[in-house]
Amino acid sequence: MLNLAILLQAESHLLPWQQSMADFFTGDTMVSIGTWIAAGLTLVMFSFIYKDNALFRLGEHLYLGISAGYLMSLYFFNNMKPVFIYQLLPWLDPKFGTPEGSTLNLWVLIPGVLGFFILLRLVPGLGWLSRTTFAFYIGGFTGISLSKVFSGLLLPQFYATIDVIPYMVTSGPDFVKLLNALVLFVGALSVLVYFFFSVEHRGFVGGVARIGVYTLMVAFGATFGYTIMARVSLLIGRMQFLMFDWINAEIIQRLAVIFRGG
Amino acid sequence: MENEAKRNFLELFLLLDRRIIYTLVALAVAIPLIWPIGLPIRITPEVQSVFDKIENLPEGSNIMMSADFDPASQPELYPMMKAVMRHIARKKHKLAITVLWPNGPNLVAQCIEEVKEEYPNWRSGDDFVFLGYQVGGTIVIIGVGNSFVETFPKDYYGNATSTMPVIKNFNRLGQADYMIMFEAGNSGDWWIVYGTEVHDVEVGGGVTAVVAPQYYPYLQAKQLNGIIGGLKGAAEYEMLMEHPDMAVAAMDSQSMVHALLFVAIVLANIFAFALAIQKRNAARREK
């Protein structure tokens, strides 16, 4: 909605009806309508906590439908139009002929055709063409990312894990840092041993693998704790919306205005 | 008889209707929102690092920001994004903002409007450029490494980026003095690769609590200079800014729910243990 309002406001010469629409979309009425719809749908989603019901399923379907429609329109207007259609048919661009307007660019036909191949998965007998696109995409992306993954992710993480060796040599009295590096080193190594299935987990290897299991449990526990924090944060966000934006701003404040005679 | 009553109580507690727990959670959230308790918020070193970096950069430094989230993560990431954006505006740094998630741009636009209300002289084109969303993920990151103007010929508001004053000295990721990313997923991995390793730009992260454990190894490896993790991190940043806002207001509720869940988990474990002992003793007596 804000997007639409900004676009409407961005027009410098609005016709009277366009100005009315801009006022409507940026005005209090639209905000109120939006707040009431959002509050209603929030309560509908919360109703699942009590029991599964038809209203919840309606809300769920609304969410999926609106998200899919919104994303589709977003991709079309933000990408398909400026990046493909206007490049291929530049005279359709409203700014055609100006320095900011599009110019003919036939190179976009290549990704266009490759993209069209994916849609051919729906056509029996021609679905195999989509593999060309996927092969191009996966091959290209692997080529771009492989070296970067090694130099940017794998090696720095590896060096950080074996930090214990420089600490042992240089840190001396910094016991906390040494302990931290040691825990990390032993933890990472033991988890790797746990996932090494070519050797039977018995004796010394079994003991190390057991430490790996405990390390994993600590990691899962930390992740679980953070997940709870995240979910509670989402609940707080919704409660703040219901209590302040809806109950306070839309009901209590408005009733107060009515009873005060304003 | 007494033993029977005890056992019933233990079983009743363990079979407590989940809706009662939901009601308690709802109350634990709602009551502190109405009557704040004002529990202390301790500043962690990883949040302090992000704050210090932005604070100590000379005025007019270039900062890159990527807001890679959507409304599903708004309660956590929006408050920290607003606090950081406010900090950047206050320090008069130059800012370029990108979005890699299609549902994210509206949130950034809303955040910009709110910060502009506090800093009316903070202007699009002069002080910041909101490049908006572009499809492609990693390809966009590579693109902004080469040129903002080529990757985003127009900004979110439809203005040509090539003529903007802010772009003159800040047209690619490598020209940034610092980068801050707000992440609800994996896009941050690629910002770290291209920011830290390829373009040698120090990177800080504001992340949801769910993905925070996945980003801590980067902090340990010094690939991130700091992490603002979840709502707690956002509240810490607001405290550092001496401008308590949405996150600080929510922290009492967060703490109350955590306390409630902690008590529930401990009690449930004690009761389950006690019930198991009772059952074992009863079985022995029957023998």
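From first to last, the protein sequence lines are chains A and B. For the first sequence, this note's numbering begins at 6 and goes up steadily by one. For the second sequence, this note's numbering begins at 8 and goes up steadily by one. Even for Gly, the Cβ is constructed at its ideal location relative to N, Cα and C. Everything numeric in this text was worked out from a predicted model, so none of it was measured.
Cα-Cα separation between N69(B) and I187(B), rounded to whole angstroms: Taking the first residue of the second sequence as position 1, residue 69(B) is located at position 62. Taking the first residue of the second sequence as position 1, residue 187(B) is located at position 180. Distance between the alpha carbons of N69(B) and I187(B): 11 Å.
Does any C-beta atom of chain B lie closer than 8 Å to the C-beta of K182(A)? Reading the first sequence from its first residue, position 177 is the one you call residue 182(A). Answer no: the Cβ-Cβ gap between K182(A) and chain B never drops below 8 Å.
Element boundaries [alpha helix (DSSP H), containing D59(B)]: Residue 59(B) sits at position 52 when you count from the first residue of the second sequence. Element bounds for D59(B): P52 to N63.
Using a Cβ-Cβ cut-off of 8 Å, state whether P95(A) counts as contacting chain B. Your numbering for residue 95(A) matches position 90 in the first sequence. No, because no Cβ of chain B sits closer than 8 Å to the Cβ of P95(A).
Pick out the complete beta strand (DSSP E) segments inside the segment 183-238 of chain B, 3 residues or longer, and give them in chain order. DSSP runs (the beta strand (DSSP E)) wholly in the segment 183-238 of chain B: 185-190, 210-214 and 234-236.
Counterpart residues of G139(B) in DSSP-defined beta bridges: Here residue 139(B) refers to the residue found at position 132 of the second sequence. Note: G139(B) sits in a beta bridge opposite T105(B).
Since I199(B) and V214(B) are thought to touch, with beta carbons under 8 Å apart, how far apart are those beta carbons, to the nearest angstrom? Here residue 199(B) corresponds to residue number 192 of the second sequence, with the count starting at 1. Here residue 214(B) corresponds to residue number 207 of the second sequence, with the count starting at 1. With 8 Å as the limit, I199(B) and V214(B) do not qualify as a contact, their Cβ atoms being about 12 Å apart.
Please list, in chain order, the residues of the segment 180-200 of chain B that have any C-beta partner in chain A closer than 9 Å. Cβ contacts with chain A: D196, W197, I199 and V200.
Is it buried or exposed, A228(B), if we count other Cβ atoms within 10 angstroms and call 16 or more buried? As a first step, residue 228(B) is located in the second sequence; it is residue number 221 there, counting from the start. Classification of A228(B): buried, given that the 10 Å Cβ count is 16 or more.
Which value, in whole angstroms, describes the spacing of the CA atoms of F137(B) and L94(A)? What you label residue 137(B) is simply residue 130 of the second sequence in a count that begins at 1. What you label residue 94(A) is simply residue 89 of the first sequence in a count that begins at 1. Looking at the two C-alpha atoms, the distance is approximately 28 Å.
Can you list, in chain order, the residues of its chain whose CB lies under 8 Å from that of N8(A), leaving out five sequence neighbours each side? The residue labelled residue 8(A) in the question sits at position 3 within the first sequence. Low local confidence applies: a pLDDT of 43 at N8(A) is under 50, so the model's placement there is unreliable, and no value is given.
Taking the C-alpha atoms as reference points, what is the distance between S17(A) and P78(B)? Numbered from 1 along the first sequence, position 12 holds the residue referred to as residue 17(A). Numbered from 1 along the second sequence, position 71 holds the residue referred to as residue 78(B). Confidence in S17(A) is poor, its pLDDT being 45 and thus under 50, which makes the residue's placement unreliable; the coordinate value appears in the next sentence. Each residue's alpha carbon lies about 30 Å from the other.
Could one say the Cβ of F155(B) lies closer than 8 Å to chain A's Cβ atoms, at least one of them? Mapped onto the second sequence, residue 155(B) falls at position 148. No, F155(B) does not count as interfacial toward chain A.
Roughly how many angstroms separate the alpha carbons of L63(A) and P109(B), rounded to a whole number? On the first sequence, position 58 is the one that residue 63(A) refers to. On the second sequence, position 102 is the one that residue 109(B) refers to. Looking at the two C-alpha atoms, the distance is approximately 24 Å.
Could you list which residues in chain A have their beta carbon closer than 9 Å to that of T168(B), in chain order? The sequence position of residue 168(B) within the second sequence is 161, counting from 1. What T168(B) touches in chain A, judged by beta-carbon distance under 9 Å, is nothing: the nearest beta carbon there is about 11 Å away.
For the segment 15-37 of chain B, list every residue whose C-beta sits within 7 Å of some C-beta in chain A, in sequence order. Residues passing the 7 Å Cβ filter: R26, Y29, V36 and A37.
If I'm right that K101(B) touches V151(B) with Cβ under 8 Å, what's the distance once you round it to whole angstroms? Position 94 of the second sequence, counted from the start, is the residue given in the question as residue 101(B). Position 144 of the second sequence, counted from the start, is the residue given in the question as residue 151(B). For K101(B) against V151(B), the beta-carbon gap comes to about 15 Å, at or over 8 Å, which does not count as contact.
Between the alpha carbons of L67(A) and D57(A), how many angstroms are there, rounded? Residue numbering aside, residue 67(A) sits at position 62 when the first sequence is read from its first letter. Residue numbering aside, residue 57(A) sits at position 52 when the first sequence is read from its first letter. Looking at the backbone, the Cα of L67(A) and that of D57(A) are separated by about 16 Å.
Can you give me the C-alpha to C-alpha distance between Q285(B) and A224(A), rounded to a whole angstrom? Reading the second sequence from its first residue, position 278 is the one you call residue 285(B). Reading the first sequence from its first residue, position 219 is the one you call residue 224(A). Distance between the alpha carbons of Q285(B) and A224(A) is about 33 Å.
Does Y219(A) come within less than 8 Å of chain B when only Cβ atoms are used? Counted from its first residue, the first sequence places residue 219(A) at position 214. No, its Cβ sits nowhere closer than 8 Å to a Cβ of chain B.
Which of helix, strand or coil DSSP assigns to D2(B): Only positions 8 to 294 of chain B appear in this structure, which leaves residue 2(B) out of reach.
I70(B), DSSP secondary structure in three states: If you number the second sequence from 1, residue 70(B) lands on position 63. The answer is strand: DSSP assigns I70(B) an E or B state.
Would you say E121(B) lies against chain A (beta-carbon separation less than 8 Å)? In the second sequence, counting from the first residue as 1, residue 121(B) sits at position 114. Not an interface residue.
Would you mind giving the Cβ-Cβ distance between A96(B) and V122(B), rounded to the nearest angstrom? I have them listed as a contact below 8 Å. For the purposes of this step, residue 96(B) is taken as residue 89 along the second sequence, with counting starting at 1. For the purposes of this step, residue 122(B) is taken as residue 115 along the second sequence, with counting starting at 1. Your pair A96(B) and V122(B) checks out as a contact, with CB atoms roughly 5 Å apart and the cut at 8 Å.
Indicate the three-state DSSP secondary structure (helix, strand or coil) for K161(B) in the structure shown. Counting from one through the second sequence, the residue named residue 161(B) turns up at place 154. DSSP places K161(B) in strand when its eight states are reduced to three.
Beta-carbon proximity of L238(B) to E53(B), cut-off 8 Å: Position 231 of the second sequence holds residue 238(B). Position 46 of the second sequence holds residue 53(B). The Cβ atoms of L238(B) and E53(B) lie no closer than 8 Å to each other.
Beta-carbon of T215(B) versus every beta-carbon of chain A: anything under 8 Å? As a position in the second sequence, residue 215(B) is number 208, starting the count at 1. Yes, T215(B) counts as interfacial toward chain A.
Would a C-beta distance cut-off of 8 Å place P99(A) and Q230(B) closer than the cut-off? By one-based count along the first sequence, residue 99(A) stands at place 94. By one-based count along the second sequence, residue 230(B) stands at place 223. No, Cβ-Cβ distance for P99(A) and Q230(B) is not below 8 Å.
Where G237(B) meets chain A, residues with beta-carbon distance less than 8 Å: Mapped onto the second sequence, residue 237(B) falls at position 230. The contacting residues are Y231, M234, A235 and S238.
Close beta carbons around A261(A), own chain, < 6 Å, minus the five adjacent residues each side: Walking along the first sequence from the start, residue 261(A) turns up at place 256. In the same chain as A261(A), and ignoring 5 residues on each side of it, no C-beta atom comes closer than 6 Å to its own.
Is the Cβ-Cβ distance between E209(B) and N178(B) less than 8 Å? The sequence position of residue 209(B) within the second sequence is 202, counting from 1. The sequence position of residue 178(B) within the second sequence is 171, counting from 1. Result no, Cβ atoms of E209(B) and N178(B) do not sit closer than 8 Å.
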